[in-house]
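Data first, discussion second: the structure below is written as structure tokens.
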Amino acid sequence: MASFYVIRGKDNGQHFPIRGALANIGREASNQIRLYDTEVSRIHARILKKDENQHEILDVGSSNGTYVNSRRITRQVLQSGDRVQVGRTLLIYTGGPEPHSTRSRDDVEIVTNRQMSELSQIRSSLESLNSHVLPSGSPIDELQPSSSSSGADRSPGSPAALQLSSADWEIVYQVGQAISRTGDLDDLLTQVLELIFQWIACDRGCIMMLDDVTGLLTPTYSRQRERPRERKTSPARKMTISRTILDHVVESKEGVLTSNAQDDSRWDNVESIARLGVHEAICVPMLGRYGTVGAIYVDTEMSAGVYAERQGKSCFDEQHLKLMMAIAGQAALAIEDTQFYRAMLQSERLATMGQTIANLSHHVKNILQGVRGGSYLVEDGLKKEDLAVIQKGWSIVERNQERISNLVMDMLSFSKDREPEIQRCDLRQVIDDAVELMLVRAQDHQVQLIWQSPATPLEVDMDSEAMHRAILNVVTNAIDAVSQFERVDQAPGQVTISTELSASQDQVCVHVEDNGAGIAEDELARIFSPFESNKGARGTGLGLPVSQKVLREHGGDILVHSQPGSGTRFTLTWPPYHAACRREDDWGNRKTVS
């Protein structure tokens, strides 16, 4: 499923899957992608589904504009890895077309077997220009085209009419711009090869990536130029690349320009380029900061008649080789950055997973210790036939059973995105049920739980089960906060629950207020972070994050107001009438806002 991931801004870390044919981005609660960025408009942009694998973003007259890959747009088709900026929020779009690697493996074959005795001649070779791509202080003439390049046919309309000079640097610039705008490896390779085909009159091209495990080059993306006379009569032929050339390029770290002459002993009579009818080819390594990441191969073939008409003039020259090395160097650096980014994301996932396991193991261990202690008392009471001891032990087991049940439910709620099952419900009844469950806990902690249930039903649209859990978590947190606070005035601890419907009836609020110790300002920013808890062994640190997640799935949020020593007020707020009912024409059958 296509989605957006926030990597910068107030909503950093939020993940928004795109559901349905249309989704809005903005501050308004009804937006599927709701951002709490004050520089984002109420409805900032729209995401339109073009087909199964593609989406388009449309700016809807926002105040500060919509940017894709640092360029302001009005309407643009999104590619996987595109960076979308609205206000101060930066999101990464994932989705889009399937990668090209499958087709490439079918179209390209790397051969090593000895099938013909012809040899290939290296007309020219060049050491890696990785340090010469855009060197500081190096003369530009090193890579600029020479007017005296030998053998190349520059006549208009000829196969090698490449219009070099300023065009050389233009293609290097275009490659640099293209690869800086994507974080998707398949898209990066596609753009590099497409630009090479625009610049050089090659017939076929392939980009190969080096497998870290096997050390072999694997075709990842390929392309063949379609000639008008071949469109209907000749199917695309499989590209065959000599393993000998690839090995030489990788081992020597130099690019080579080959032709069909037969006096180069380095190929040792193996797979000949001449056998394939390829008269000229360029193969260059992609050398990054830390080693070889792959290779780029392009070639051109001519029939004997065309070759005779050209009087042996070459299609490729040393200037093409130099510029191919420059392009390969830039591509290698971008590939390394992309691979580093992927590795960083994977590392963060593993680190988060490890932290989660460690925290959950700690809580489960504490719960099991409680169960073990209660079980010991039950067993001891059975031996002594002492009902009071049995009841005491069973109450301990029961409390810990409830703790592990709550932990599992919080884990399930927090671990995956879900669509609330929105129905018209009586909010009053949901709060009644939560208060009834919390009365015993409040009494045990000597806390007064105050809730004046309204005389008339309060009908709102919500997922009653999810909202019940969100309210329950906040009330539990408030009771625990009050019970831990030693008041100087000896006044009883209180937790007060109330409801409110805004004057415009576009927001319903549930207020949970306590007279506990309050929350320090530096802690407010962390209370909704997973596993952040001040309760020691008694808290999992998932209650408030789960509640916040539930409210945001409803298109709302939790607001906190607190002063140390004066208590805390949590406000759960969300639209009382769901977007699916209010905007059925715009949103179709979509049931939720996430």
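Quick note, the numbering used here runs 5 ahead of the 1-based positions in the sequence shown. Ideal Cβ placement from N, Cα and C applies to all residues, glycine included. Since the model is a prediction, treat every value here as computed from it, not as a measurement.
- Contact check for Arg423 against Pro462 fails: the beta carbons are separated by 8 Å or more.
- Scanning Gln451, Gln553 and Gly375 for the CA closest to the CA of Ile409 turns up Gly375.
- Taking Gly379 as the centre and dropping the five residues before and after it, the same chain places the C-beta of Gly398, Ile401 and Val402 closer than 6 Å to its C-beta, in chain order.
- Per DSSP, the beta-bridge partners of Ala300 are Met213 and Pro290.
- Proximity to His20 across Arg574, Gln37, Glu491 and Val218 peaks at Gln37, based on C-alpha coordinates.
- Inside the stretch 9-51, DSSP marks whole beta strand (DSSP E) runs of 3 or more residues at positions 20-22 and 27-31, from first to last along the chain.
- Residue environment analysis places Leu382 among the buried positions, since at least 16 neighbouring C-beta atoms fall within 10 angstroms of its C-beta.
- When C-alpha distances from Thr263 are compared across Ile287, Thr245 and Ser247, the shortest belongs to Ile287.
- Apart from sequence neighbours up to five positions away, the residues of its chain that approach Ile524 with a beta-carbon distance below 8 Å are Ile532, Val565, Ser567, Pro569 and Thr573, ordered along the chain.
- Every alpha helix (DSSP H) of 4 residues or more that sits fully in the stretch 443-523 is shown, in chain order, as 469-488.
- Only residues of its own chain outside the window of five on either side were considered, and among them Val513 and Pro581 have a CB closer than 7 Å to the CB of Leu506, listed in chain order.
- Between Gly181 and Gln335, the CB-CB gap stays under 8 Å.
- Non-local C-beta neighbours of Arg93 in its own chain, meaning closer than 6 Å and more than five positions away in sequence, comprise Gly14, Asp42 and Glu44, ordered along the chain.
- Between Leu83 and His60, the C-beta spacing is below 8 Å.
- Going by C-alpha positions, Ile212 is about 41 Å away from Ile362.
- Straight-line spacing of the CA atoms in Lys388 and Gln396 works out to 14 Å.
- Rounded to whole angstroms, the gap between the alpha carbons of Asp511 and Thr578 is 10 Å.
- Proximity to Lys327 across Gly359, Leu338 and Pro290 peaks at Pro290, based on C-alpha coordinates.
- Beta-carbon to beta-carbon, Asp391 and Glu426 are separated by about 48 Å, too far to satisfy the 8 Å threshold.
- Inter-residue distance for Ala496 and Arg446 is about 19 Å (C-alpha atoms, whole angstroms).
- Taking the CA atoms as reference points, Met214 sits about 26 Å from Ala7.
- Between Ser319 and Glu285, the C-beta spacing is below 8 Å.
- Comparing alpha carbon positions, the residue from Thr223, Glu353, Gly561 and Arg474 closest to Val551 is Arg474.
- Separation of Val440 and Ile502 (C-alpha to C-alpha, rounded to the nearest whole angstrom) is 9 Å.
- By the beta-carbon neighbour count (other beta carbons within 10 angstroms, threshold 16), Glu558 is buried.
- Nearest Cα to Arg47 within the set Ala34, Gln344 and Tyr346: Ala34.
- The closest CA to that of Gly220, considering only Ala522, Arg248 and Ala331, is found on Arg248.
- The DSSP-derived three-state label of Arg230 is coil.
- Distances from the CA of Val65 to each of Asn58, Asn74 and Ile52 were compared; the closest alpha carbon is that of Ile52.
- By the CB criterion at 8 Å, Val480 and Val452 fall outside the cutoff.
- In the structure shown, the three-state DSSP call for Gly570 is coil.
- DSSP places Val91 in the strand class (E or B) of the three-state scheme.
- Beta-bridge pairing by DSSP links Gln59 to Asp56.
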